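Q: My questions will all concern the structure given below.
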Amino acid sequence: NKLAFTAAASVAECPGVQYNPLFIHGNCGLGKTHLLQGLCRKFIEHHPTKRWMYLTGEDFTNEFLACLRANKLDTFRRKVRDLDLLVIDDVHFLGGKKATQEEFLHTFNAIEAMGRQVVMASDNHPKMIEEFGESLINRFVSGMVVRIDPPNFATRSEILRAISERNGLNLSEEVIGWVARRVTQNVRELEGAVTRIAAHVQLGGEPADVSVAQQALGDLDRQLVAPVKPENILQSVCTYFGLEHKDLMSGRRQRTISLARSVAMYLVRRTAKLSFPEIGHRMGKRNHSTVISACRRIERAVQQNEQLLWSSAVGERTEEASELLQRLEEHSRALS
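Sequential numbering of the sequence shown, starting at -5, is according to this note's numbering.
Laid out in structure tokens, this is it:
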């Protein structure tokens, strides 16, 4: 996650210069809010006389609607636009709120036009946020979009040691390794895992060994292997690539459609556990050999760490194959 921290530090020191807007996304519990608050503290250190504001998407919405009802929009606009730095956490809260989105777009444009900085955070990539207007999405991706990833195995192990020590729970390296291999998404889940193990230890009076951890967290393995609904995968792929369902089912070979179709086939095969003929039937009644070729294409891209290239409303886009697949799988599982 070095890129996210580097971008945040750069913005705090030199706002409105290099990464504007800065859009940070990642799953819940990965520290996005902590990073934004740290950015604000550093901004104050570097620029003690400049104006800044930190709001959640809900704060922005509530204040906008309150001023709209009270006929005090000018007051609201002066408050949120006359700034050197505007930070909006949980910006996905604006999804489906057309009037608020329009106001935020004008706010965004006004601040950027003055060469000042906008920073946002969300659980999802801008293209994956439900019910967001295309013009707003295009503005979000026009700057720096950076992802905060879940902690790796070594980091998860260190976090588990710290949490267990804080809770007075003596976990062996074997137990820590067992938990770290299964609880992979965020710090909150790691804290929850330790809490559940501690409860089993206290109630059962047994040592905190692997068997106790298995009893406490027995549902995790079932969750990890649960298949994803194919329709959720197709929905996620269409949302991310800016396509319609009929595009994936069609015979069109335009680069973006062809890539999206191959990605969808690969994910359905990997996470929905369907056979090649079943996937071909669902994807426009294609021959199973077509599905095999598409899956091999994506598998090869993952193994060779290829950058996938496609076209979007704001121009050419690239992303590493493995990161793209992880993002789409997470979004598809969230829809289940």
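C-beta: ideal position from N, C-alpha, C; glycine also.
Quantities reported herein were computed from a predicted structural model and do not represent experimental measurements.
Are the Cβ atoms of residue 20 and residue 141 separated by less than 8 Å?
A: Contact flag set, yes.
Q: Taking buried to mean at least 16 other C-beta atoms within 10 Å of its own C-beta, is residue 289 buried or exposed?
A: Looking at its Cβ environment, which holds 16 or more other Cβ atoms inside 10 Å, residue 289 is buried.
Q: Can you check the segment 212 to 256 for any alpha helix (DSSP H) of at least 4 residues that lies completely inside it and give the ranges in chain order?
A: For the segment 212 to 256, whole alpha helix (DSSP H) runs of length 4 or above, ordered along the chain, are 213 to 219, 224 to 235, 239 to 243.
Q: What are the residues that DSSP puts in a beta bridge with residue 309?
A: Residue 309 is bridged to 306.
Q: Shortest alpha-carbon distance to residue 402 belongs to which of 111, 282, 235, 329?
A: This structure does not reach residue 402, given that the chain is present from -5 up to 330, and the question cannot be answered.
Q: Give the DSSP bridge partners of residue 50, in chain order.
A: According to DSSP, residue 50 bridges with 83.
Q: For residue 116, which beta-bridge partners are listed by DSSP?
A: For residue 116, which the question treats as bridged, DSSP gives the partners 19.
Q: Which residues in the same chain have their Cβ closer than 6 Å to the Cβ of residue 130, if we skip the five residues on either side of it in sequence?
A: Once the five neighbours on either side are set aside, the close Cβ partners of residue 130 are 95, 99.
Q: Kindly give me the distance between the Cβ atoms of residue 79 and residue 110, rounded to whole angstroms, as I take these residues to be in contact under 8 Å.
A: Between residue 110 and residue 79 the Cβ distance is about 7 Å, and since that is below 8 Å, they are a contact.
Q: In whole angstroms, what separates the C-alpha of residue 91 from that of residue 210?
A: Looking at the two C-alpha atoms, the distance is approximately 41 Å.
Q: Based on Cα-Cα distance, which residue from 89, 115, 64, 23 lies nearest to residue 30?
A: Of the listed residues, the one whose Cα sits closest to residue 30 is 115.
Q: Can you give me the C-alpha to C-alpha distance between residue 62 and residue 86, rounded to a whole angstrom?
A: Whole-angstrom Cα-Cα distance: 21 Å.
Q: I believe residue 124 touches residue 89 by the beta-carbon criterion, under 8 Å. Please report the beta-carbon distance rounded to the nearest angstrom.
A: With 8 Å as the limit, residue 124 and residue 89 qualify as a contact, their Cβ atoms being about 5 Å apart.
Q: Please go through the same chain and pick out, in chain order, the residues whose beta-carbon is closer than 7 Å to the beta-carbon of residue 302, but skip the five residues on each side of it.
A: For residue 302, where only same-chain residues beyond five positions count, the Cβ hits under 7 Å are 253, 295, 312, 313, 315, 318.
Q: If I'm right that residue 51 touches residue 180 with Cβ under 8 Å, what's the distance once you round it to whole angstroms?
A: So it is not a contact: roughly 20 Å between Cβ atoms.
Q: Within the continuous beta strand (DSSP E) that includes residue 140, where are the two ends?
A: That run of the beta strand (DSSP E) goes 138 to 141.
Q: By the DSSP assignment, the alpha helix (DSSP H) with residue 12 in it spans what residues?
A: First-last for residue 12: undefined, no H or E at that position.
Q: Leaving aside the five residues before and after residue 15 along the sequence, list all residues of the same chain whose C-beta is less than 6 Å from its C-beta, in chain order.
A: Taken in chain order, the residues that qualify are 112, 137.
Q: Rounded to a whole number of angstroms, what is the C-alpha to C-alpha distance between residue 165 and residue -5?
A: Their Cα atoms are separated by approximately 27 Å.
Q: Of the choices 46, 41, 25, 97, whose alpha-carbon is the least far from that of residue 57?
A: Among 46, 41, 25, 97, the Cα nearest to that of residue 57 belongs to 97.
Q: Using three-state DSSP, classify residue 298 as helix, strand or coil.
A: Three-state DSSP puts residue 298 in coil, outside helix and strand.
Q: Candidates 147, 188, 53, 156: which alpha carbon is nearest residue 175's?
A: The shortest Cα separation from residue 175 among 147, 188, 53, 156 belongs to 147.
Q: Excluding the 5 residues preceding and the 5 following residue 224 in the sequence, name in chain order all residues of the same chain whose CB lies nearer than 7 Å to its CB.
A: Counting only Cβ-Cβ distances below 7 Å, and skipping sequence neighbours, we find 262, 266, 268, 276.
Q: Hey, quick one: how far does the alpha helix (DSSP H) through residue 320 stretch, first residue to last?
A: Segment 315 to 329, the alpha helix (DSSP H) holding residue 320.
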